[in-house]
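Working notes for the structure below.
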């Protein structure tokens, strides 16, 4: 019929499925191990792997600097990159389904702005990293709660458009509050920290911050993974969703909650990392089609790989760290444009 | 399986009354067409029937059980809904789209298995859509998309399929394909309820009709008793001619709109007379019978049973019947003499004429 688009076929046979899932699991591991060897403390791959072996088998001995660097600095950062990349990609994917809108990103409901405000406020009062994370998370949820209550509308059905509008309003409200905090922040000590935080960075990564984000991100991904087939119905009309035997409100709320958990946890740990939630789901769609059964695991894996690579570039390209969101945009925009031109447009 | 609406009324909050005391019921394997002018509330009624909107008063009953008390999953594993095929913005492949029809059989965490995928493949093959299986829904034509949505409804293995204007935006041929598909489903025992803008489609393909007018009143019954020139005038404000188009083989019912009528004045001097005039009526069954002969040539032997069943249905009116095989041409010839109300005669001849390989003519007596 000449209408079949080129897609990677990953589901038609059992062996293709196994190969597909194996690739999805191995790719981030491979990227993680390679990037573990890269950093300002130059080592060879052999030394790094030997150190990794020591960490895993006998623990780190006194004076073993390489093992220390790997255990306390590079490893948590790579784990955090996996969490953030995978989480934001899946959250973006879910929001694009939820709003039936290819432009939706994880912060459509105002999570990112809310969480950022929380973090900035905490930075202003010089709290510890974990407290900052906690306040950011709380404010992220509060922002989404506000958005949902705006979108509810009086008596009428809760329409998706009013939810998006609510998200825009809340986002700009919190952005204004962030500016206010920046205005009153001490220009020598606080303002640089705030500005740097807002640009997004994984340099905060320690096993503690990872442990804080981990349950939310994994929980959210797990939830979205388990309802991934329903994500295919989500962009359709309300009547169609209902006629599929699903409860529209429950399905939408579960999706929004899972994505919010992920995004709030990510933003509160490493600031605003843009583009991932938009770029990765669309790259996956262009390669694999629109079936969320395949897209959810693919986004997890590709998002993790992307974030590991970008963060490694951010920490090792120049003597001082480059903010992650700067890199995601610089890499993301051209890649995205190239893909768009090649595949001809985007859709869900 | 009986689907029933009892005394259904609907008004929007603070709005006008849209539907007024509607009652009807459909049985297994029947096709019900819902007709009415724009704005009469056809779509609203479909949405009320399935619980997308709540009846202000009254109930929808499935085998006597109120659907308002049923779980979504239970309800929609028996009832399938086919929306109008106009939101083709989704790029999902046809087979993924059709597979979604299985979702009412699973919980929110459920996933379809190999059996479900096989059912999708089989259904697509049965409807002649196999070639489209890997196409994206966004690239389909309107007719193809409508058939895909019907396929999605079929794979949920429903007892009732409810369709919102399934043939509205389609060309000639695709309209016929859709309607024939519905007829096939009905013959397999699946009840089909559909909205339509075309009285002819109701007349030719449906068993029952429900006619809504702008004031929310309703006329329900066998399709030939509901779609009459009088009722068309009252519901649509259009002067129509309902007649037959004859070919050498067959005669086909047709509804022709010839003239719009001026809006009738709202206030009348004699209210009782006015209301009488504006009420749509089902033609009384018992009076005014006519004598007619139906001459039938059957080329397809497989239809013999169906014809017998149809004649049996009208047994009370049939006063004589002759059948003879003609082996030389491998046909059978049947002649039926019937004394029945005109609507019953046209209903019977309409149904017979639909059958493949059947030629049929009706001759009425002059009185």
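Chains as they are written, first to last, in my numbering: chain R, 48 to 395; chain H, 9 to 375.
Using N, Cα and C, we set each Cβ at its ideal position, and we do this for glycine too.
DSSP, reduced to helix, strand and coil, places residue 192 (chain H) within a helical segment of the structure shown.
Exclusion of the five residues before and after residue 93 (chain R) leaves no residue of its chain whose Cβ lies closer than 7 Å to its Cβ. Under the three-state reduction of DSSP, residue 297 (chain H) is assigned to strand. The residue from R:351, R:67, R:116 and R:374 with its alpha-carbon nearest to that of residue 254 (chain R) is R:116. In the structure shown, residue 268 (chain H) falls within a strand segment according to DSSP collapsed to helix, strand and coil. Taking a contact to require three or more Cβ pairs closer than 8 Å, the region 216-235 of chain H and the region 24-35 of chain H qualify as touching. Every unbroken stretch of the alpha helix (DSSP H) spanning 4 or more residues and falling wholly within the region 167-252 of chain H is given here in chain order: 180-195, 207-213, 231-234 and 237-244. Between residue 55 (chain H) and chain R, the shortest Cβ-Cβ separation is below 8 Å. The C-beta of residue 292 (chain R) comes closer than 8 Å to at least one C-beta of chain H.
In its chain, beyond the 5 residues on either side, 81, 84, 85 and 164 have a beta carbon closer than 7 Å to the beta carbon of residue 112 (chain H). Apart from the 5 residues on each side of it in sequence, residue 87 (chain R) sits with its Cβ closer than 7 Å to the Cβ of 363 in its chain, given in chain order.
The three-state secondary structure of residue 338 (chain R), taken from DSSP, is coil. In the DSSP assignment, residue 42 (chain H) falls within the beta strand (DSSP E) that extends over 39-43. Annotation: the continuous beta strand (DSSP E) that includes residue 88 (chain H) extends over 87-90.
Residue environment for residue 175 (chain H): buried (at least 16 other C-beta atoms within 10 angstroms of its C-beta).
Here residue 302 (chain H) carries a strand assignment [DSSP, helix/strand/coil]. In this structure, DSSP gives residue 262 (chain H) an extended state, which the three-state scheme calls strand.
The beta carbons of residue 179 (chain R) and residue 169 (chain R) sit closer together than 8 Å. For residue 269 (chain R), no CB of chain H lies under 8 Å from its own CB, so it is not counted at the interface with that chain. Proximity to residue 59 (chain R) across R:358, R:372 and R:335 peaks at R:335, based on C-alpha coordinates. Per DSSP, the unbroken alpha helix (DSSP H) holding residue 104 (chain H) starts and ends at 102-107.
Exclusion of the five residues before and after residue 224 (chain R) leaves 164 as the residues of its chain whose Cβ lies within less than 7 Å of its Cβ.
Contacts between residue 298 (chain R) and chain H, judged by CB atoms closer than 7 Å, involve 116 in chain order. At a C-beta separation below 8 Å, residue 85 (chain H) has these neighbours in chain R: 292.
Within the region 138-166 of chain R, no residue places its CB atom closer than 7 Å to a CB of chain H. Inclusion of residue 246 (chain H) and residue 355 (chain H) in the CB contact set at 8 Å is not warranted, their separation being larger than that value.
Of all C-beta pairs linking the region 128-147 of chain H to the region 247-266 of chain R, fewer than three are shorter than 8 Å, placing the two stretches out of contact. Contact of residue 196 (chain H) with chain R is not assigned, every C-beta pair being separated by 8 Å or more. Contact annotation: in the region 159-176 of chain H, no residue has its CB less than 8 Å from a CB in chain R. Rounded to the nearest whole angstrom, the C-alpha separation of residue 338 (chain H) and residue 256 (chain H) is 19 Å. For residue 67 (chain H), the uninterrupted beta strand (DSSP E) run begins and ends at 65-70, by DSSP. Residue 15 (chain H) places its beta carbon 8 Å or farther from that of residue 73 (chain H). Around residue 20 (chain H), no beta-carbon contact reaches into chain R at under 9 Å, the shortest distance being about 11 Å. Residue state for residue 369 (chain H) is assigned as strand, using DSSP reduced to three classes. By alpha-carbon distance to residue 288 (chain R), the top candidate from H:28, H:21, H:58 and H:22 is H:58. Interface with chain R (8 Å Cβ-Cβ cutoff): residue 154 (chain H) is excluded.
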